[in-house]
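Structure, as C-alpha cells:
Residue numbers (this note's numbering), protein chains in the order written: chain S, 1 to 665; chain G, 1001 to 1293.
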C-alpha cells in the first residue's frame, strides 16, 4: 500500500527537479558578456580525445560526447565508474550481486560483462580478452578519487578502436602529477560493513611530467539477502554470502615525450544469488577477478603538422570461480565446481596524424597488432574430480585504420574513417564511419553521423563449456549499423543542451539461450532494432550546477516483440550547490521505466535519489564527506540473467557512505 | 621630349614596385581568431586600428586557416588560435590566450599578456585599499608565473608583501584560502584559466564575504561574481598592443618575448566592497568603467 504513494512522491520530486531545471535554463538569456569572459578563459578546457584520437571540444567531436569531471565525481559522491556513468543520459547500471552492468541508451543484456562498451584507462583498452568484460565496479584498477575526468562518447567507435566499441567508448583519465596533491589519503566507512582506505602520491617535475601512484583497499561484509525463489532453504535468506574485498594499484610516469603506466586490481566477491545452479545459502560461492597491464607510450611532434604516437603493452586477466553444488552421485553430498580463466596478451599500436596548417584535411593513419599468447579456460569438479573443460588458445589480430577530417568550408567538418580488423577467430571485418559536423551558428551545431561497429565473439562465448553450458564455435561477430542526428547548443562553456535521434540496427546479436539439450549456449539469435530520442542539458552558474537527461527508446526484435531488459524511459537529473570554500551539497535522481525480465515478467518503474554532502571545515587539507544513496529506500529490482533462478534481483535499499580525506601539498 | 619621356616610365615602374611591395607586405601578416566570440572581435578591431594595414582574417572555429603563401607573421587571438600548429618558420604573436605558454618547440613566438604589468595593477590596488600590506596571490598555470617576476620591485616600491600560493586544481582552492586566512589583507587573482571559472568564483565570493578579505580580479565582468574590483585592459587595448608588436616585428625592432598592454582600466563593485568592509574612495569609483554595478 505504501509503495504507490512512495512512487508518487518520487515522481513529484523528479518532476519538480526537471521543472526547476527548465525554469532556470529559460532564464538564461543568451551568451552574456559575463559568460563570454568565462568562455574566453575556458576555451581549451572541456575537450575529449576519445572521439577522434586527438583533443576536440565536445561540440565538434564526431559523436555524442559527455565529460564527467573530478569536481562532479566529488560533489555527487560517486563510488565507482559505473555510478558516475549513470549521470549520462540513458546510462543506468545494475548489480547482479557479482558484477555491475551498464546500460547505454536503454540497451543492456544481463550477463554480457559490458562487452558492448569499450572501456579505456588513459587510452589503454581495459576490456579483457576472455569475456570481453569491461569492469566498472570494484575491479576497475584505479580508485575513483584519482580520476580526473571520464570521457563518454555514445555511438559506435569501431572505425578507430575495433572490437567492443559497439554502443559507446568510455575513456577514464587519471590525475596528472601536476594536478594531484603531493600526498592524498582517504578513509571511508559505510553501510553493509564497508570500509575503504585509498592513498596517492604525486611528484611533478614540470607541467604534467612527473610521477603519480595511487591505490586502495576496500572490504565489505555484505548483507543477508532474501530470495523467495529459495524459500525452502533457510527461509530463502542467504547469510554471510555477499562479502567483497578488493585492492588496486596504479602508477604512471611521464617525461621527455615518454610515458609509462601500469595498473593491477584484484577483487573477490561472494555471490548470494546461487547463480549457475549452485547451492543456496553457501558462502563459499565466489568469484575472484584480477586485471593488470603495463604500457609504454612515446609521443613526438615530427613537425608542427605531424604528430606521431606509438605504444607497446602487456596485459593480463585472471579469473577464478568457486561454485558449491549438490553432487549428483553422493557421497560426498557437495562438490565444488572450479572455473578458471586466464589470458595474457601483448601488443603495439602506432598512429600518425598529419594536419598541415594550410590544408583542409587532417589525416590520421594507424595500425595495431595484438597477440593473446595464452587464453586458458579450465573447469572441473573437485570432489570427485571431474574435468569438464580444458581449453587453451592463441589468438592473433591486427588492424589498419585511417581517418580524414575534412573542413571544405567554414561551416562543415566531415570525418571519414574506416578500420580493417583481422582476427583469426572470426571473419575479417571493415567498419566505416562518416560524420558531418555543421556549424550553423557559433553556439549551434548539427551533427549527422553514420557508422558501423562489431563485437567479436569472445573465447568464453565460443568455447565455454561446463555448469550446463555448451560451446558454439560457429558464432559470428555482432554487427551494428548506427545513424544519429545531434543538435548541440553550447550556450556557455559549462552550459549546453543536446537533442539526439538515433537508430541502431543490430545483426547477429549474441545472446545466452537454452538449447535443445537444456543447456545454455551463446547463439547469434536476433536481429534487433533500436531507435529513440536522447535529450541532455548542463547548466552551471556561480554556486549552482544542474544536469538533466532523458532517453526515450524502443528496442525490439525485428518481426518480434520488445527486447527484454530494455526500458523505454530513463531519466537522470542532478543539482549541486557549492557553499563557498566550505563544501558542496548535491541531490541527484534516476528514473527507469518498466522493463521486461528475461523470464518475461515486467518490473515496475523505479526512481531513486541520492543526497551527498562534502565539507571542508576547519583544517588545511581536510575534507569530510557523507552520502545517503537511495534516499527514499525505493524497492526496485533488475532482471536476472540466464545463470539465475530469480527473474528479478533486488538492488540496495537506503545506504550510507562517509569518509575523511586529507591532502598534503 | 627625351627627358619628359623617361620620367613617366620611371615613375610608373616606381609605383608598380611600391605597389607590389605594399601588397607583399600586406600578405606577410595573417590574423587567426579562435572563434567569433565578441571579445575576440573587439581585440581584432584594436589590432586593425593599431596595425594600420589590412591583413587576411581567419576564424579557426569555421575551419582550418589556409594561410596565404609567404605569410611571415601570424597574429593569433584566443587560446585555440595560439595553440594551432602554424608552420615553424612563421613568426607568432598571440594574445587573449590566458594560461597559454609559448607552444612547445617554437622559438619565434611573442605573447601579449591579458592585463598590464603587475606593478601598475598593484599600484591601483594600493589606491583602492591603502591599508593593504600583505596581498595573497593565487595562481595555477605555468604561464601566470610571469606576473610574479616583478615581485621584488613591487615589494620595494609599493610596500606590499606578496604571499603567492600556487594551486594545482580547483579542488585545492578551499584549502589554500583557509591557509591564507589571517595572513593577507586582500587577494589578487592574475588572469589564470584555472581560477576564472564560475565554480572557483562561487568559492571566492563566499570566502571574501565570510572573512572580510577583498578579492581583486583581472577581467571586467568578474566584479559581478564576487570581486570588489577588477584591474584589466580592454580587449581592444590588448588587440592594439598586438598590432603595435606586429609592426615592430616587421621592422625587426622587437626584443622581448612577452609584452603587457599599457592602458589599465578598472571596474568596481562598491556594494560588494561594503559587504567585505571596504570603502572604495569616491575618486576611484568615478574613475572606474561605468559597466560596474
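Ideal placement from N, C-alpha and C gives every residue a C-beta, glycine not left out.
Rounded to the nearest whole angstrom, the C-alpha separation of residue 554(S) and residue 567(S) is 8 Å. Contacts with chain S at 8 Å (Cβ-Cβ) include residue 1199(G). Counting C-beta pairs with one atom in each stretch, the stretch 341-350 of chain S and the stretch 362-379 of chain S have three or more that are closer than 8 Å, which means they touch. Between residue 1202(G) and residue 1170(G), the C-beta spacing is not below 8 Å. Using a CB distance below 7 Å, the part of the stretch 616-631 of chain S facing chain G consists of 616, 620 and 621, ordered along the chain. Look at residue 38(S): its C-beta is under 8 Å from a C-beta on chain G. Put simply, the CB of residue 1119(G) is far from chain S, with every gap to its CB atoms at 8 Å or more.
Contact residues of the stretch 65-76 of chain S toward chain G are 70, 71 and 74 (C-beta to C-beta distance below 8 Å). The beta carbons of residue 1217(G) and residue 1269(G) sit no closer together than 8 Å.
Within a 10 Å sphere around the beta-carbon of residue 1286(G) sit fewer than 16 other beta-carbons, which makes this residue exposed. DSSP, reduced to helix, strand and coil, places residue 1232(G) within a strand of the structure shown. Residue-level contact check: residue 442(S) touches chain G, since one or more beta carbons of chain G fall below 8 Å from its beta carbon. The DSSP assignment places complete beta strand (DSSP E) segments of no fewer than 3 residues inside the stretch 420-462 of chain S at 426-439 and 444-455, in order along the chain. Taking 7 Å as the Cβ-Cβ cut-off, the stretch 396-408 of chain S approaches chain G at 407, given in chain order. By the rule that beta-carbons nearer than 8 Å mark a contact, residue 436(S) does not touch chain G. Within the DSSP bridge table, the entry for residue 217(S) names 197(S) and 247(S) as partners. The DSSP-derived three-state label of residue 464(S) is coil. Per DSSP, residue 609(S) is not a residue of any alpha helix (DSSP H); the beta strand (DSSP E) it occupies stretches across 606-615. The stretch 1163-1182 of chain G makes no contact with the stretch 602-610 of chain S: fewer than 3 CB pairs, one atom from each, lie closer than 8 Å.
Neighbourhood of residue 541(S) in chain G, by CB distance below 8 Å: 1198, in chain order.
Boundaries for residue 224(S): no beta strand (DSSP E) harbours it, and the DSSP string shows neither H nor E there. With its beta carbon at least 8 Å from every one in chain G, residue 115(S) lies outside the interface. Within the stretch 1077-1088 of chain G, the residues whose Cβ lies closer than 8 Å to some Cβ of chain S are 1078, 1079, 1080, 1083, 1084, 1085, 1086, 1087 and 1088, listed in chain order. Note that the C-beta distance between residue 175(S) and residue 188(S) is not below 8 Å. Shown here for residue 614(S): same chain residues with a beta carbon closer than 7 Å to its own, the five before and five after excluded, namely 74, 75, 583, 584, 623 and 625 in chain order. Beta bridge pairing from DSSP links residue 511(S) with 523(S). Only buried fits residue 1236(G), as 16 or more other CB atoms lie within 10 angstroms of its CB. By the Cβ-count criterion, residue 1133(G) is exposed, with fewer than 16 other Cβ atoms from all chains shown falling within 10 Å of its own Cβ. Membership of residue 152(S) in the beta strand (DSSP E) is indicated by the continuous run 147-154. Residues 308 of the same chain have their beta carbon placed closer than 8 Å to that of residue 302(S), with the five preceding and five following residues left out of the count. Against residue 360(S), the close residues of chain G are 1063, 1064 and 1066, in the order they occur along the chain (beta-carbon pairs closer than 8 Å). In the DSSP annotation of this structure, the continuous segment of the beta strand (DSSP E) that includes residue 1187(G) starts and ends at 1186-1188. Scanning its chain for C-beta atoms nearer than 6 Å, with the 5 sequence neighbours on each side dropped, one finds around residue 586(S) the residues 75, 76, 576 and 612, in chain order. Residue pairing by DSSP places residue 650(S) opposite 637(S) in a beta bridge. Counting C-beta pairs with one atom in each stretch, the stretch 222-229 of chain S and the stretch 108-121 of chain S have fewer than three that are closer than 8 Å, which means they do not touch. The shortest CA-to-CA distance from residue 155(S) to any of 305(S), 215(S), 496(S) and 505(S) is the one to 505(S).
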